[in-house]
Amino acid sequence: MTVREALSAMGRRWYVLLAIVMVFAGLTFLFYKDGGSYSTRTTITFTLPSRSTLLPESGSTDISIIAFAGAIATSINQGKPVETFSDSDAPYYGAGVRQGVMVSLRNGGNQWISSFPSATIDIQIVGRTREWVVERQQEALKQIIDVTAAQQAATVTPEADRITAIVEPLSTDIQHVTPGRSEIILAGVAMAIAGLITGCSAAIIVDRAIRARRRRRALRRVDAPTPAARTGGRFA
Numbered sequence: 004m005t006v007r008e009a010l011s012a013m014g015r016r017w018y019v020l021l022a023i024v025m026v027f028a029g030l031t032f033l034f035y036k037d038g039g040s041y042s043t044r045t046t047i048t049f050t051l052p053s054r055s056t057l058l059p060e061s062g063s064t065d066i067s068i069i070a071f072a073g074a075i076a077t078s079i080n081q082g083k084p085v086e087t088f089s090d091s092d093a094p095y096y097g098a099g100v101r102q103g104v105m106v107s108l109r110n111g112g113n114q115w116i117s118s119f120p121s122a123t124i125d126i127q128i129v130g131r132t133r134e135w136v137v138e139r140q141q142e143a144l145k146q147i148i149d150v151t152a153a154q155q156a157a158t159v160t161p162e163a164d165r166i167t168a169i170v171e172p173l174s175t176d177i178q179h180v181t182p183g184r185s186e187i188i189l190a191g192v193a194m195a196i197a198g199l200i201t202g203c204s205a206a207i208i209v210d211r212a213i214r215a216r217r218r219r220r221a222l223r224r225v226d227a228p229t230p231a232a233r234t235g236g237r238f239a
């Protein structure tokens, strides 16, 4: 099909192109009015009994404490592997997650090499509303504290010798994540281009289908026997 034929097809089926463009415009408007997401990265650090995380001898970098924190994270995740990204500091919503919870031992490596420098569990939560994120945050914190206490109680560890789980106060903040002006413009342009490409393709496909059906009807009329042929050439 030549460019001229394609333009002619789009001109004949302009209503198809218009309908597709309007659908994409509606989707773009819905995405714009979505209001963004809410996100938090709450951390819990495990230390030796009654030690502050600010002390150099807190024990948070001790191999055995790191292993214990890893066991807690594995228990919370029910043994399921945790996703890893190219950058350990990458936000959870940066992976395209709009609503979800990820509990993991802090990994200083990447998707190829794992490195666990401290006994710190990160709770990353992304949600559409602040209330939902707050609820999941409180549930995850309570679950980690309960599992920590239960595992040490199961080994009959004296309370004075139990590992301490400390929630970092500043990490409990919840952020409202919204796209910037440049991101909104780029997204709008991308949706417009996608709408035009889809609309033009749909218009050409519909035009071909309609024209092909008309040709088949015309051929059937041409091939249909005349009244004279049906009566053997005799007329009343």
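Here the working numbering is used: the sequence shown runs in plain steps of one and ends on residue 239.
Glycine is no exception: its CB is placed at the ideal position from the N, C-alpha and C atoms.
Note that this is a predicted model, so its numbers are computed, not measured.
Whether residue i touches residue j by CB criterion (8 Å)
| i | j | result |
| --- | --- | --- |
| Q140 | T45 | yes |
| A12 | I200 | no |
| L108 | I124 | yes |
| V137 | S42 | no |
| V209 | R7 | no |
| R131 | R101 | yes |
| V104 | A143 | yes |
| G73 | F119 | yes |
| E186 | T48 | no |
Span of the alpha helix (DSSP H) around residue i
| i | result |
| --- | --- |
| L33 | 17–35 |
Element boundaries [beta strand (DSSP E), containing residue i]
| i | result |
| --- | --- |
| V180 | 178–180 |
| T48 | 40–50 |
Whole-Å CB distance - residue i paired with residue j, under 8 Å assumed
| i | j | result |
| --- | --- | --- |
| A153 | I69 | A153 to I69, Cβ: 19 Å. No contact. |
| T56 | T50 | 6 Å |
| A163 | T151 | At roughly 16 Å, the Cβ-Cβ gap does not stay under 8 Å, so A163 and T151 are not in contact. |
| H179 | G39 | 6 Å |
| F71 | I166 | 6 Å |
| L30 | M194 | 7 Å |
| Q146 | I79 | 6 Å |
- Query: Would the stretch 9–26 and the stretch 202–222 be scored as touching if the rule is three or more Cβ pairs under 8 Å?
  - Reply: In the pairwise beta carbon analysis, the stretch 9–26 is classified as touching the stretch 202–222: at least three pairs are separated by under 8 Å.
**Request:** Could you tell me which uninterrupted beta strand (DSSP E) segments, each at least 3 residues in length, are contained entirely in the stretch 80–145, listed from first to last along the chain?
**Result:** Fully enclosed beta strand (DSSP E) runs of 3 or longer: 103–108, 123–130.
Beta strand (DSSP E) runs wholly inside the stretch 161–207, at least 3 long, in chain order = If only complete runs of 3 or more residues are kept, the stretch 161–207 shows the beta strand (DSSP E) at 167–170, 178–180, in order along the chain.
| task | Assess, as a yes-or-no matter, whether the stretch 184–198 is touched by the stretch 19–29 under the definition of 3 or more beta carbon pairs within less than 8 Å. | result | Cβ pair count under 8 Å is three or more, so yes.
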